[in-house]
Amino acid sequence: YFLIYRCEIINSTREFRRSFDTIKQRTIRICSLGKTLIDDFSIAAEFRCHNYHDLWHELRHNNYAQVKLYLDTSSSDDFDSFYLFVPPWLSTDKNQVEKLLNLICSQQLPADELIKSDKDIKPSYMIYIPKKTSHLHNIRWTGDIILIRASESTQLALNSTELPCLHLVVTRSDHWQHAVELFQFHIGSNNNIQFIKKLPRDEDIRFTFDQLPEYIDKLGNQLTHLVRILNAIWDQDSIKIFLTEIFKFDKRELRTIESKLLDLVFYVYNSGFELFRLLYDLLPPMSINDDKILKKFVSMMNEFFCEWCKCVTKKFKYTSTQQASTAKYKVLRPRWFTPGMIFLGFLAKSPHLQLLTEDEYKKLMTEMPVALKALRGSTLDNRDSFVTK
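Quick note, the sequence shown lines up with residues 315 to 703 if you use my numbering.
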């Protein structure tokens, strides 16, 4: 019977690891796909404009051109909900302007531009000024005008779009940063505009992306809950008592089972460190007014790391300085130490620490030094474990 129990314990750890690995690999693939989709569809920038009349004059001063709909040889019309402008280098490129009107995701990089430097390419972008909030109805544009023939479906889609504030849209996601900086250079000298956030152009896609933080939060909480359960279950003292006194396993069998359980715990924590980094890359860029999403995620990372600290403290709390110098512990400890320290280096970035509450920061500064001391024996200098906000 003891052999059967031993096999069942080992097989259950293997089965758990296989199931967890399946979830992990699927999450990695989904995160990779999600990052690509976010990059490809996030081709717009949202700005706050303090004075649209000043913006109007700055656009004219920097030779921007207004985009209007061609009706016939003697008349043209604006779009229903907004005014459109393009930078001067697009004023004669109707083809690129029409692409800007229709694009939802990033335009593919043309083969002949692959060898060009980004500095040699001026970004194609379009400025959307909402009519509803800009109050520019009585101002006439005196600069260049581009007349385009938009299809009925394009006109219908654009005229049904309601924008709450100033928007910029680019043709290529890799030009987004350059376009935003260039527009701010042209218009932002008097601090009239303020960048808010990067976002998809399409409203339905924006809605989908806005739900991502909720799912990221759920997965992060599940990871933290899992290691919290593992910490409660996996205790060397209780396991030894259970296996030696109840099941009467000998030392060799005990070491085998302990090793399997330890490998499982080790694998879950290292996988968690990897997944948290991947999930972090899916978070929307922090806006100027709202860091709640990032704050919540950093809090979760801190909680996960503190659970890791408890785990390694429990694992190595009975290890003497003499044991720490043996070959066994020299091999084992880096397996625990290195992944945790890499994750701590990411967690302990100043912008992240600033988002922790006093209680969360205090918890980190309580759990971390104890874990590092357990991992490194009595050689730990308190200064090595001090992390400042």
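Cβ coordinates follow ideal geometry from the N, Cα and C atoms, glycine included. Quick caveat: nothing in here was measured; it's all calculated off a predicted structure.
Handout entry: Closest by C-alpha distance to LEU470, when choosing among LYS413, SER395, TRP622, GLY586
Key = SER395
Practice task
Could you tell me whether the stretch 610 to 622 touches the stretch 581 to 592, where touching means 3 or more Cβ pairs closer than 8 Å?
Solution key: yes
Problem - Cα-Cα separation, GLY654 to GLU528 - result: 26 Å
Problem - Beta-carbon proximity check, CYS345 vs LEU596, cutoff 8 Å - result: yes
Practice task
Assign ALA359 to one of two classes, buried (16 or more other C-beta atoms within 10 Å of its C-beta) or exposed (fewer than that).
Solution key: buried
Problem - LYS408 - containing alpha helix (DSSP H), residue span - result: 408 to 416
Exercise for the section: Could you tell me which of ASP516, PRO514, VAL582 sits nearest to ARG542, measuring between CA atoms? Expected result: VAL582
Practice task
State the Cα-Cα distance for the pair GLU572 and ASP531, rounded to the nearest angstrom.
Solution key: 32 Å
Problem - Helix, strand or coil at PRO444 according to DSSP, with G and I counted as helix - result: strand
Exercise for the section: Buried or exposed for VAL645, please, with buried defined as at least 16 other CB atoms from any protein chain shown within 10 angstroms of its CB. Expected result: Confidence is the limiting factor: at VAL645 the pLDDT is only 44, short of 50, which leaves the residue's position unreliable, though a coordinate-based value still follows. Label assigned to VAL645: exposed.
Practice task
Please say whether ASN506 and HIS364 have beta carbons closer to each other than 8 Å?
Solution key: yes
Handout entry: Rounded straight-line distance, which links the Cα of THR468 to that of GLY457
Key = 25 Å
Practice task
Please report how far the alpha carbon of VAL579 lies from the alpha carbon of LEU544, in whole angstroms.
Solution key: 7 Å
Exercise for the section: Specify whether the stretch 395 to 404 and the stretch 377 to 384 touch according to this definition: at least 3 beta carbon pairs, one from each stretch, less than 8 Å apart. Expected result: yes
Problem - DSSP-derived helix/strand/coil call for LEU482 - result: strand
Handout entry: Cβ shell of SER585 (< 6 Å), same chain only, five flanking positions each side left out
Key = LYS338
Exercise for the section: Tell me whether MET440 is buried or exposed, calling it buried when 16 or more other Cβ atoms sit within 10 Å of its Cβ. Expected result: buried
Exercise for the section: Measure the CB-CB distance between LEU450 and TRP370 and report whether it falls below 8 Å. Expected result: yes
Practice task
Express the C-alpha separation of SER448 and ILE501 in angstroms, rounding to a whole number.
Solution key: 16 Å
Exercise for the section: Using a threshold of 8 Å, state whether the C-beta atoms of SER487 and ASP354 are closer than that. Expected result: yes
Practice task
Would you mind working out which of LEU686, GLU476, HIS492, ASP605 sits nearest LYS629, comparing C-alpha positions?
Solution key: LEU686
Exercise for the section: Measure the alpha-carbon distance for ILE342 versus ILE459 and round it to whole angstroms. Expected result: 48 Å
Exercise for the section: In angstroms with no decimal places, state the Cα-to-Cα distance between SER390 and ALA464. Expected result: 12 Å
Exercise for the section: Assign MET679 to one of two classes, buried (16 or more other C-beta atoms within 10 Å of its C-beta) or exposed (fewer than that). Expected result: exposed
Handout entry: Reduced DSSP secondary structure (H/G/I, E/B, other) of GLN421
Key = coil
Practice task
Report, in whole angstroms, the separation of the C-beta atoms of ILE418 and ASP516, which I expect to be a contact under 8 Å.
Solution key: 5 Å
Problem - According to DSSP, residues forming a beta bridge with LYS512 - result: ALA359
Practice task
Mind checking which residues open and close the alpha helix (DSSP H) that includes TYR378?
Solution key: Element bounds for TYR378: n/a, residue is neither H nor E.
Handout entry: Per-residue burial, LYS349 [other beta carbons within 10 Å of its own, 16 or more giving buried]
Key = exposed
Practice task
Apply the 10 Å Cβ neighbour rule to THR327 and answer buried if 16 or more other Cβ atoms are within range, or exposed otherwise.
Solution key: buried
Handout entry: Buried or exposed (CB count within 10 angstroms, at least 16 for buried), ASN325
Key = exposed
Problem - Distance between LYS676 and ALA688 (C-alpha atoms, nearest Å) - result: 19 Å
Exercise for the section: Have a look at the DSSP bridge pairing and note the partners of PHE399. Expected result: GLN380, ILE441
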